[in-house]
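Before any comments, here is the structure.
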Amino acid sequence: MRRSHARNRVESKSKSTTNPQKMDPIKLQIRSNSRSTALFSRNSRQTKPIPSFIAVSIAISLALFAFIYIVFFSSKGSVKYGIIIDGGSTGTRIHVIRYRVDGVKNPVFDFKEGLDSLRVNPGLSAYAEDLAGAGYSLKELLEFARRKVPKKQWGETEIRLMATAGMRLLDDEVQERILEQCRKVLRVSGFKFRDDWASVITGNTMCMVLSEFIETMWVIVYDFMLILR
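Sequence positions in the sequence shown follow the UniProt record's numbering and run 1 to 229.
Structure representation (structure tokens):
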């Protein structure tokens, strides 16, 4: 409608001018360009990109939120468990260890409330003539562990059996038969287990474990001393 009115005005005005053929095209061209320019400016405003500093600010805010959530909410509430079965010469003892993982994935132990143990007699080496009895002797210990570890965490809680003194005195074949009976029970315990996690540890292995334990304890004590300063 606007173009038709403009055309009528130009035509009526051309009657009063002396050279209409030179004036009309110029006026029409100016009007056409002004409309296209306005349309282009509107489109450019609609598709204007987000400034880079805003995008960077959003990314930093999201990263900071994720870090705060992991450190102060997720990690502090991340309580985990580990189970160790110590097959000694006179008895078998199970240790259920409860610990918390801090913001940098280090284990934090509670020495008052974080350890539960139970012992049964005799030791695994006493079942050299009663192999099935070796596996059966673990059932009471496993029931104890199931009461200490929440059921939803059974599948992620590792359980390991380390036989020591008495088992080392037996022949290798007898050792393996006793261990296999224990593995059968541990496989269906509900906890996370692999066959190589049940073994007879040597004196060298015991020294290595003890060394690592002492080193870990020293780090914990050192950190505690720093807190007291």
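All residues carry an ideal CB built from backbone N, CA and C; glycine is no exception.
Whether residue i touches residue j by CB criterion (8 angstroms)
{"i": "Ala145", "j": "Ile84", "result": "no"}
{"i": "Met162", "j": "Ser125", "result": "no"}
{"i": "Lys80", "j": "Gly135", "result": "no"}
{"i": "Gly166", "j": "Ser89", "result": "yes"}
{"i": "Cys182", "j": "Leu138", "result": "yes"}
{"i": "Tyr127", "j": "Ile178", "result": "yes"}
{"i": "Gly123", "j": "Gly82", "result": "no"}
Neighbour-count burial assignment, residue i, 16 or more Cβ in a 10 Å radius
{"i": "Leu169", "result": "exposed"}
{"i": "Ala132", "result": "exposed"}
{"i": "Gln153", "result": "exposed"}
{"i": "Thr164", "result": "buried"}
{"i": "Thr92", "result": "buried"}
{"i": "Glu143", "result": "exposed"}
Three-state class that DSSP yields for residue i in the structure shown
{"i": "Val174", "result": "helix"}
{"i": "Ser189", "result": "coil"}
{"i": "Arg98", "result": "strand"}
{"i": "Met217", "result": "Only weak support exists for where Met217 lies, its pLDDT of 46 falling under 50; the value from the coordinates is given anyway. Met217 falls in the helix class under three-state DSSP."}
{"i": "Glu158", "result": "strand"}
{"i": "Arg119", "result": "strand"}
{"i": "Ala145", "result": "helix"}
{"i": "Asp130", "result": "coil"}
{"i": "Arg194", "result": "coil"}
{"i": "Ser125", "result": "helix"}
{"i": "Gly114", "result": "coil"}
{"i": "Gly166", "result": "helix"}
{"i": "Thr202", "result": "coil"}
{"i": "Met1", "result": "No answer about Met1 holds up, because its pLDDT of 44 lies below 50 and its placement is not dependable."}
Residue of the options minimising C-alpha distance to residue i
{"i": "Asp130", "options": "Val188, Ser117, Val174 and Val185", "result": "Val174"}
{"i": "Glu156", "options": "Arg98, Ser89, Gly87 and Asp86", "result": "Arg98"}
{"i": "Ser189", "options": "Glu158, Phe109, Lys112 and Asp110", "result": "Glu158"}
{"i": "Glu140", "options": "Val120, Pro150, Lys148 and Val149", "result": "Val120"}
{"i": "Lys112", "options": "Tyr127, Cys182, Asn106 and Val96", "result": "Val96"}
{"i": "Phe191", "options": "Asp171, Lys151 and Phe109", "result": "Lys151"}
{"i": "Phe193", "options": "Asp171, Asp102, Arg160 and Val149", "result": "Arg160"}
Bridge partner(s) assigned by DSSP for residue i
{"i": "Lys80", "result": "Tyr99"}
{"i": "Gly87", "result": "Thr92 and Ala163"}
{"i": "Pro150", "result": "Answer is none; Pro150 lacks a bridge partner."}
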